[in-house]
Ligand SMILES: [Zn+2]
Ligand SMILES: [Zn+2]
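Numbering (our numbering), first residue to last: 2 to 248.
See the structure below:
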């Protein structure tokens, strides 16, 4: 049982960490810089931990910039206000994501400017045999370590880990929670202390200060990812920009 719990927690937190650290704060918002070598390392680590539900970094970056520019309007790639429900929003997000991933989407150049790209690697990571391979690995792990079949109910979460984390923020953090700032969109902070989503839950703060690498604003809003970012900056893995707090 312990093996399954650990496996789930590692998958949850590492998949989430690379999405918030690499896809979100680095690729989309450029809150810090890193060398091309480290960029490749984080591409590969994101793939290992997102596995079957790997999210393309370039496509995510472009789509996420559109979200900020058009938040909660008709042009927002994933607004709860323009979807029939959570799954409809996820389906629409997937559709536009795929168009960007396969270069079938024409958008303003500013959304693609400076977004990291490693096309050959991402085509490989997106391959169905690779995705299914990861899925089979999760199934094999559960077959080996799950005490009974009830635990297998967690498997769909493993298959969908990346988009699941995206949907939690994109849906719930535009609907539920509190606001520190009156902004034009409907973003909210999901919880006062966000260990669950590694700081992504302070979504209202993030919509207010889009370039700020620390998502917490109030004293209790601890941002675990910001803590790791500071360590990476100390170790010179990344270089934090001396940007003022600005959107
Ligand atoms: Zn953002
Ligand atoms: Zn948002």
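For every residue, glycine included, the Cβ atom is placed at its ideal position computed from N, Cα and C. If you're wondering where the values come from, they're calculated on a predicted model, not measured in any experiment.
Residue i versus residue j: straight-line alpha-carbon distance, rounded
i           : j           : result
residue 79  : residue 60  : 14 Å
residue 223 : residue 205 : 14 Å
residue 76  : residue 65  : 12 Å
residue 154 : residue 163 : 17 Å
residue 209 : residue 147 : 43 Å
residue 109 : residue 142 : 44 Å
residue 9   : residue 19  : 16 Å
residue 28  : residue 217 : 20 Å
residue 25  : residue 62  : 7 Å
residue 180 : residue 130 : 43 Å
residue 158 : residue 16  : 12 Å
residue 229 : residue 239 : 11 Å
residue 207 : residue 226 : 13 Å
residue 174 : residue 103 : 28 Å
residue 69  : residue 119 : 24 Å
residue 81  : residue 73  : 8 Å
residue 37  : residue 212 : 21 Å
residue 105 : residue 92  : 17 Å
residue 7   : residue 138 : 15 Å
residue 1   : residue 144 : There is no way to answer for residue 1, as the model of the chain reaches only from 2 to 248.
residue 196 : residue 21  : 13 Å
residue 56  : residue 201 : 17 Å
residue 234 : residue 116 : 20 Å
residue 243 : residue 31  : 12 Å
residue 83  : residue 14  : 29 Å
residue 189 : residue 219 : 14 Å
residue 214 : residue 203 : 12 Å
residue 96  : residue 39  : 30 Å
residue 122 : residue 101 : 16 Å
residue 3   : residue 176 : 35 Å
residue 241 : residue 99  : 31 Å
One or two residues paired with residue i in a DSSP bridge
i           : result
residue 179 : 190
residue 34  : 240
residue 203 : 190
Supposed close pair residue i, residue j - CB separation, criterion 8 Å
i           : j           : result
residue 178 : residue 192 : 7 Å
residue 136 : residue 53  : 5 Å
residue 23  : residue 58  : 7 Å
residue 5   : residue 151 : Contact flag wrong, Cβ pair sits at about 11 Å.
residue 156 : residue 140 : 7 Å
residue 149 : residue 90  : Between residue 90 and residue 149 the Cβ distance is about 34 Å, and since that is not below 8 Å, they are no contact.
residue 221 : residue 194 : 6 Å
Min CB distance residue i to chain B below 8 Å
i          : result
residue 94 : Of the protein chains in the structure, only one exists, and it is not chain B.
Within the structure, which residues are defined as neighbours of ligand 2 by a Cβ-heavy atom distance below 7 Å, reported in chain order? 68, 72, 170, 171, 174, 175, 186, 188, 204, 208
Taking contact to mean at least 3 C-beta pairs separated by less than 8 Å, is the segment 37 to 56 in contact with the segment 121 to 130? yes
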